[in-house]
Amino acid sequence: SLFSDEASQSAPARSRGMSNFGVKGASLVTDIAQSEKGTIPPYNDELARAVVDESQEHHRSILRLIGDIQAAGASLDEAKPDDAAAILVHHQAVLRNKRALLVYLNERMRRVRQLRWEVGTGLPEAVGENLSHSERSFFTQYAALVNKYQGRRGGVGLNLTLDPAPPRDHKVQVRVLEEYGEIVTKDGVVDLAKNTVHLMWRDEAQPLIAEGVLEKLDDH
Amino acid sequence: RVSRDTPRASPMDEEEDLASQLGPRTSQVPDTDVSRLKRAYVNEKCAPEILPFEHDLMRRVTESVDAQESTVAASRAAAGSGASSATDDLTAHVYHAELNRIRFLMRAYYRARLRKIETHAVHCLKEPDVLERLSDLEQRYASDYANIVEEHFSSVLGQMPEGYESMVQQIIEEDGAFDMVPEPDADAHVFCRVREDRGDVMLDPDDPENTMDLERDDILMIRYRLIKKLLEDEAVDLM
Numbered sequence: 102s103l104f105s106d107e108a109s110q111s112a113p114a115r116s117r118g119m120s121n122f123g124v125k126g127a128s129l130v131t132d133i134a135q136s137e138k139g140t141i142p143p144y145n146d147e148l149a150r151a152v153v154d155e156s157q158e159h160h161r162s163i164l165r166l167i168g169d170i171q172a173a174g175a176s177l178d179e180a181k182p183d184d185a186a187a188i189l190v191h192h193q194a195v196l197r198n199k200r201a202l203l204v205y206l207n208e209r210m211r212r213v214r215q216l217r218w219e220v221g222t223g224l225p226e227a228v229g230e231n232l233s234h235s236e237r238s239f240f241t242q243y244a245a246l247v248n249k250y251q252g253r254r255g256g257v258g259l260n261l262t263l264d265p266a267p268p269r270d271h272k273v274q275v276r277v278l279e280e281y282g283e284i285v286t287k288d289g290v291v292d293l294a295k296n297t298v299h300l301m302w303r304d305e306a307q308p309l310i311a312e313g314v315l316e317k318l319d320d321h
Numbered sequence: 003r004v005s006r007d008t009p010r011a012s013p014m015d016e017e018e019d020l021a022s023q024l025g026p027r028t029s030q031v032p033d034t035d036v037s038r039l040k041r042a043y044v045n046e047k048c049a050p051e052i053l054p055f056e057h058d059l060m061r062r063v064t065e066s067v068d069a070q071e072s073t074v075a076a077s078r079a080a081a082g083s084g085a086s087s088a089t090d091d092l093t094a095h096v097y098h099a100e101l102n103r104i105r106f107l108m109r110a111y112y113r114a115r116l117r118k119i120e121t122h123a124v125h126c127l128k129e130p131d132v133l134e135r136l137s138d139l140e141q142r143y144a145s146d147y148a149n150i151v152e153e154h155f156s157s158v159l160g161q162m163p164e165g166y167e168s169m170v171q172q173i174i175e176e177d178g179a180f181d182m183v184p185e186p187d188a189d190a191h192v193f194c195r196v197r198e199d200r201g202d203v204m205l206d207p208d209d210p211e212n213t214m215d216l217e218r219d220d221i222l223m224i225r226y227r228l229i230k231k232l233l234e235d236e237a238v239d240l241m
């Protein structure tokens, strides 16, 4: 049958008795569309699998319909319009589901890529927990890809994550937020003790600002 | 900006006027390259598709930056030993500031291109005239990137029914179109400024009667497709 009894019982009231094609796919897209920008919600494995399983059911329906036509001795080209339409609807339903899945995966992948540029090669544990195994693997590979492109050997030799905005001052005043210890700078050794203020070269301070170790002080 | 009716000298023009008053450019190559770099970056940022990679420019700029870095390092060493004057310190400061600005432009240029490559990776790889606009490193990046995306997508698409697992075709069909490959939108509108007088120009082959009189410093808002050739000829800059 075109409707799975199980599905029509668990589907929202408005679709009971009507086709529930595409509902799960739409939910998946909503999941990521309504999430807060800049965050990555937990990977909805259950729903993604459900969309895939539904697609497999549609495909089984297609094969059944084709089988019925051929069993009646007709070729597909000679199929009745009703049968052809039924096959087409199932086919389009699979395409719709595929599109929903890819929207979900693609948007999450875009946010995972963003992590490499904003945070660096270390994946924060809190974020990692929300990613699927394949997404974690993608992050590692993508981070390595960017490293290779940036590198001195076999790459352009420039850290591309620096300077997200045009530089204004070449020295910045920073306050130390977290105890960091001594670092070696172009001006010599600097002791980044908590709450101390320093005047540092912008390109040396920037990675530490991005990490949250230093806070840039505006000059007023 | 669009409503600027009277052609006003652009900042680039003022620089050039001043420079010509100061005498012939000898070792001024870094300056010319900087303005070229800035134009390359802005054009890249505004164009919907990836533009040809500026091989020679980037090579020269990288060399200049490395050379200037050594100069700065040397003068800072001199400053440390107390052997330099206040003027030398100031010069070092100015060189350093300039270096930072140039490095920003380089980083931003590479980044803008990588973004486009990521968005249209498969398209870049399958269209030879697009692929040749990428540097060797970028071509490798596009290929590696497309591979890791395919690997990731296939973790889900691989479970789909037979024939629906491809990320470039909705349904796998022999001789079927690659209907899932995004392409840049050549009909996107861009702002551009005319760099030289061109007289009456036919821009739209679909509307050949409708010519435009292009004069230096004119600003147009127009579909990218129609000024693509002018951009290639360096007759316009995007803004």
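Residue numbers (the numbering used here), protein chains in the order written: chain A, 102 to 321; chain B, 3 to 241. The C-beta atom is built at its ideal place from N, Cα and C for all residues, glycine as well. Note that the coordinates shown come from a computational prediction; the quantities given were computed from them, not determined experimentally.
Let me check understanding here. Comparing Cα to Cα, which of ASN260/A, GLY313/A, ILE310/A and PHE239/A lies closest to ARG113/B? Considering only alpha carbons, the answer is ASN260/A.
LEU278/A - DSSP class collapsed to helix/strand/coil: Coil, per DSSP.
Strictly under 7 Å for the Cβ-Cβ distance: is ALA99/B near chain A by that measure? At least one C-beta of chain A is nearer than 7 Å to the C-beta of ALA99/B.
Quick one: grab the DSSP three-state call for GLY289/A. Residue state, collapsed to three classes: strand.
Is the beta carbon of TYR143/B less than 7 Å from the beta carbon of TYR250/A? Yes. Within cutoff.
In the DSSP output, which residue or residues are listed as bridge partners for HIS299/A? Looking at the DSSP assignment, HIS299/A forms a beta bridge with VAL275/A.
Distance CB(ASP242/A)-CB(ILE150/B) smaller than 7 Å: According to the sequence displayed, residue 242/A carries Gln and not Asp. A contact, by the Cβ cut-off of 7 Å.
Using the beta-carbon count (16 or more within 10 Å), is GLU179/A buried or exposed? Counting Cβ neighbours within 10 Å, GLU179/A comes out exposed, since fewer than 16 surround it.
With 16 as the cutoff for other CB atoms within 10 Å, does HIS57/B come out buried or exposed? That one is exposed.
Using the beta-carbon of each residue, which ones in chain B are nearer than 7 Å to PRO267/A? The contacting residues are PHE106.
Three-way DSSP call (helix, strand, coil) for HIS122/B in this model: Here HIS122/B carries a coil assignment [DSSP, helix/strand/coil].
Determine whether the Cβ of ASP235/B lies closer than 7 Å to any Cβ atom of chain A. So, not an interface residue.
Could you tell me whether the Cβ of GLN70/B comes closer than 7 Å to any Cβ of chain A? Contact of GLN70/B with chain A is not assigned, every C-beta pair being separated by 7 Å or more.
Is it the case that the segment 120 to 134 of chain A contacts the segment 145 to 162 of chain A, given that we only count it when at least three CB pairs across the two stretches are under 8 Å? A contact exists between the segment 145 to 162 of chain A and the segment 120 to 134 of chain A.
Sheet register partners of ARG212/A (DSSP bridge): DSSP lists no partner for ARG212/A.
Buried or exposed, going by whether 16 or more other CB atoms sit within 10 Å of the CB of SER168/B? Residue environment analysis places SER168/B among the buried positions, since at least 16 neighbouring C-beta atoms fall within 10 angstroms of its C-beta.
Quick one: using the 10 Å Cβ neighbour count with 16 as the cut-off for buried, is ILE119/B buried or exposed? Classified as buried, ILE119/B has 16 or more neighbouring CB atoms from the shown chains inside 10 Å of its CB.
If we define contact as Cβ-Cβ less than 7 Å, is ASP264/A a contact residue for chain B? Judged by the 7 Å Cβ criterion, ASP264/A is in contact with chain B.
Is LYS181/A helix, strand or coil by DSSP? DSSP, read as helix, strand or coil, puts LYS181/A in coil.
Using 8 Å for Cβ pairs, my map puts ALA237/B next to ARG197/B. What's the rounded Cβ distance? That pair is a contact at about 6 Å.
Using beta carbons (cut-off 7 Å, strictly below), is ASP206/B in contact with chain A? No, its Cβ sits nowhere closer than 7 Å to a Cβ of chain A.
Is there a C-beta anywhere in chain A that falls below 7 Å from the one on MET214/B? Using a CB distance cut-off of 7 Å, MET214/B does not count as an interface residue toward chain A.
To the nearest angstrom, report how far apart PRO26/B and THR34/B are at their CA atoms. Any reading at PRO26/B must be qualified, since the residue scores a pLDDT of 48, below 50, and its modelled position is unreliable; no value is offered.
Classify THR140/A: buried if its beta carbon has 16 or more other beta carbons within 10 angstroms, exposed otherwise. When all chains shown are included, THR140/A counts as exposed.
Any C-beta of chain B sitting closer than 7 Å to the C-beta of LEU196/A? Closer than 7 Å: yes.
For ASP146/B, would you say it is in contact with chain A, using Cβ-to-Cβ distances shorter than 7 Å as the test? Under the Cβ criterion of 7 Å, ASP146/B is counted among the residues facing chain A.
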